[in-house]
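Everything below concerns the one structure shown next.
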Amino acid sequence: MSASPAEHAPPYVQLGDRDNVVVLSRHVEPGDSFEGPDGMVWTMSAHLDAGNKLAAVPIAQGERIIKVGVPIGTAIHPIESGEHVHSHNLRSDHIPIDGGETAMGGARAFD
Amino acid sequence: MTEWLAYQRDDGRKGVRNLVAVAYLVECAHHVAREIAAPFGDGGVHVIGFPGCYPNDYASRMLTSLCTHPNVGAVLLVSLGCESLPRQELEDAVAASGRPVQTLVIQEQGGTRSTVSLGRAWVAAQLEALARSERVPMSIDELVVGTVCGGSDGTSGVTANPAVGLVYDRLVGLGATCVFEETVEMIGLGEHLAQRAVAPELGDALRESVAKAERYSVAMGYPSFASGNATGGLTTIEEKSLGAYSKSGHGPVHGLIKPADIAPRGGLYLLDVVPDGDVLWGFPNINDSVEVAELISCGSHVILFTTGRGSVVGSAIAPVIKVCANPETYARMGEDMDVDAGRVLTRRATLDEVASEIVERVSAVAAGEPTASESLGHREFVLGYKSFEPVGPACHPAPLPMARA
Chain A
87 MSASPAEHAP
97 PYVQLGDRDN
107 VVVLSRHVEP
117 GDSFEGPDGM
127 VWTMSAHLDA
137 GNKLAAVPIA
147 QGERIIKVGV
157 PIGTAIHPIE
167 SGEHVHSHNL
177 RSDHIPIDGG
187 ETAMGGARAF
197 D
Chain B
39 MTEWLAYQRD
49 DGRKGVRNLV
59 AVAYLVECAH
69 HVAREIAAPF
79 GDGGVHVIGF
89 PGCYPNDYAS
99 RMLTSLCTHP
109 NVGAVLLVSL
119 GCESLPRQEL
129 EDAVAASGRP
139 VQTLVIQEQG
149 GTRSTVSLGR
159 AWVAAQLEAL
169 ARSERVPMSI
179 DELVVGTVCG
189 GSDGTSGVTA
199 NPAVGLVYDR
209 LVGLGATCVF
219 EETVEMIGLG
229 EHLAQRAVAP
239 ELGDALRESV
249 AKAERYSVAM
259 GYPSFASGNA
269 TGGLTTIEEK
279 SLGAYSKSGH
289 GPVHGLIKPA
299 DIAPRGGLYL
309 LDVVPDGDVL
319 WGFPNINDSV
329 EVAELISCGS
339 HVILFTTGRG
349 SVVGSAIAPV
359 IKVCANPETY
369 ARMGEDMDVD
379 AGRVLTRRAT
389 LDEVASEIVE
399 RVSAVAAGEP
409 TASESLGHRE
419 FVLGYKSFEP
429 VGPACHPAPL
439 PMARA
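Chains as they are written, first to last, in this note's numbering: chain A, 87 to 197; chain B, 39 to 443.
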């Protein structure tokens, strides 16, 4: 990323070319509106702290979430472009936080 | 700045601080130790100790290593009298290291008041002597740096952690020793880590250390993940791991060490903090301070501590440099932070520029400048029960040219 002021830049960064999520670079409030990487206007419906993820494209249930070019888990519901991606729709393929099953079922999907 | 004045110790290592350590040998002696240190405030008297009454080899080795750490100039041991930690062995080890050492046994001294009184007098005399310590030149290739992330959020892996990775690449290039840990946050990355090993047997050891961390997390029923991580946007352990892992940089890994192993001179080392064998001891990292103490026990002079949500901790024995990943956390809590890495997100700095700032801060802190957490009086210390097998020969492939005999 080049070092230049970002007063009117959208409040997210895309970390990898193949990523299907973007990461908030500042917090957003309900009603905040800005242009997504898909050219559409995204309107936020909740307060989200910087660091949270938004879907960059529509994501199907069962599809891997890709961040910095690598999978970070699997979508357990269909996700719309601009939607918050977090524990309600993204589950670990390794060790779930709540002690339950991984997205693929079972305690661990693979090494 | 790649050279500064430091304190020469008998074993050849140099310290960037000249502290008196007051070590309680069981929780029952903690209050007395704290009272001995209290009048000295931020004046270089640090309380460390082991709360446990039953013996533990790991705890004994940790205390020995910390009491003979290059940043420590003198040691007061405070024993209740009936605890199991072998205090004579510990005292002998500190004496053999050329440091002034005194043991006070509360039950023999006649209780709290007289032990505190004697302890304070001894510490005061040591501080006076240490103030006259000569300082010698120390260069960057004699420095050992450790890194840990705490209070991570979704910005940690975007700003502070990769910046520290660049710092590690540079420091190792300059001949320094850099240590990273947190295998419980390398879930899914064992193969990537193994590929960086300088020898295949080391690669196997690295791969197994991550597998061990995964087994431990599954057995505990909970990965290394806190609720603040989630509020800050991290969703899965593999996502958190990606960010955490980037602190180790891109260079080869030269060896694997365990707590209280002194890192060989020069290179990048993985510190494996997950106990060996059956899952006996609970979470390997109950809080960040346990990991910080373990990094210091391997000889780390300073700690690079990245945070997104805003950790405020420092540490006893070694200064903690806080690298803040989240620009909004820095705006709220800047007084507790040393480096504002969140500028990367607001496009006011590049990762390279932040890395350069961190390297400058490391030199300045090594030369004596207090960190934010030092100035605010943070001297956290946590030590519990663990057990480890010694590292095998695969963990230390052929010595590097700069390794000490």
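All C-beta atoms in this analysis are idealised placements derived from N, C-alpha and C, irrespective of residue type, glycine included. Since this is a predicted model, take the numbers as computed values, not measurements.
Beta bridge pairing from DSSP links S177 (chain B) with B:E41. The C-alpha of H84 (chain B) is placed about 15 angstroms away from the C-alpha of T409 (chain B). In summary, C120 (chain B) is exposed, with fewer than 16 beta-carbon neighbours lying within 10 Å of its beta-carbon over all protein chains present.
The contact set of D191 (chain B) on chain A, defined by CB atoms closer than 9 angstroms, consists of D135, A136, G137, N138 in chain order. Relative to the Cα of H339 (chain B), the nearest Cα in the group B:V70, B:R72, B:G184 belongs to B:G184. Around the C-beta of H416 (chain B), 16 or more other C-beta atoms lie within 10 Å, and the residue is accordingly described as buried.
Here the C-alpha atom of H172 (chain A) lies approximately 8 angstroms from the C-alpha atom of L272 (chain B). Taken in chain order, the members of the segment 100 to 128 of chain A whose beta-carbon sits within less than 8 angstroms of a beta-carbon on chain B are L101, V109, L110, S111, R112, H113. Beta-bridge analysis with DSSP links E219 (chain B) to no other residue. At the C-beta level, D135 (chain A) and G159 (chain A) stay beyond 8 angstroms of one another. For G226 (chain B), at least one C-beta of chain A is nearer than 8 angstroms to its own C-beta. DSSP places H230 (chain B) in no beta strand (DSSP E) but in the uninterrupted alpha helix (DSSP H) bounded by 228 to 233. Non-local beta-carbon contacts of I334 (chain B) in its own chain, meaning distances under 6 angstroms to residues more than five positions away in sequence, involve I355, A356 in chain order. Chain-ordered listing is empty here: chain B has no CB closer than 8 angstroms to the CB of S131 (chain A), the nearest sitting near 16 angstroms. DSSP, read as helix, strand or coil, puts H172 (chain A) in coil. Against chain A, a Cβ distance below 8 angstroms from E220 (chain B) picks out nothing, because the smallest value is about 14 angstroms. About 16 angstroms separates the CB atoms of K285 (chain B) and N267 (chain B); that is not less than 8 angstroms, and the two are not in contact. Assigned with DSSP and collapsed to three states, T345 (chain B) falls in strand.
Relative to Y423 (chain B), the option among B:R381, B:V70, B:S98 whose CA is nearest is B:S98. Bridge partners of V60 (chain B) according to DSSP: B:V85, B:L114. At a cut-off of 8 angstroms between beta carbons, I152 (chain A) makes no contact with chain B. When the beta-carbon positions are compared, L140 (chain A) and H170 (chain A) come within less than 8 angstroms of each other. Residue environment analysis places P435 (chain B) among the buried positions, since at least 16 neighbouring C-beta atoms fall within 10 angstroms of its C-beta. Residues of the segment 142 to 160 of chain B with a Cβ closer than 8 angstroms to any Cβ of chain A: none. Cβ-Cβ distances below 6 angstroms link D130 (chain B) to nothing in the same chain once the five nearest sequence neighbours on each side are left out.
Burial check for S327 (chain B): the Cβ neighbour count within 10 Å reaches 16 or more, so the residue is buried. A distance of 8 angstroms or more separates the beta carbons of V70 (chain B) and N109 (chain B). Here the segment 178 to 196 of chain B does not lie against the segment 245 to 253 of chain B, with fewer than 3 beta-carbon pairs under 8 angstroms apart. The closest CA to that of R381 (chain B), considering only B:D374, B:C362, B:R125, B:M371, is found on B:C362. Counting along the chain, G159 (chain A) sits inside the beta strand (DSSP E) bounded by residues 156 to 161. With fewer than three CB-CB distances shorter than 8 angstroms, the segment 226 to 245 of chain B does not count as touching the segment 312 to 329 of chain B. Listed along chain A are I183, each with a C-beta nearer than 7 angstroms to that of F263 (chain B). Sequence-distant partners of R125 (chain B) (beyond 5 residues in either direction) whose C-beta falls short of 8 angstroms from its own C-beta, in its chain, are L63, L115, S117, T141, V143. L156 (chain B) is positioned such that its CB atom lies no closer than 8 angstroms to that of G111 (chain B). DSSP places L140 (chain A) within a strand segment (E or B) once states are collapsed to three. Residue-level contact check: E395 (chain B) does not touch chain A, since none of the beta carbons of chain A fall below 8 angstroms from its beta carbon.
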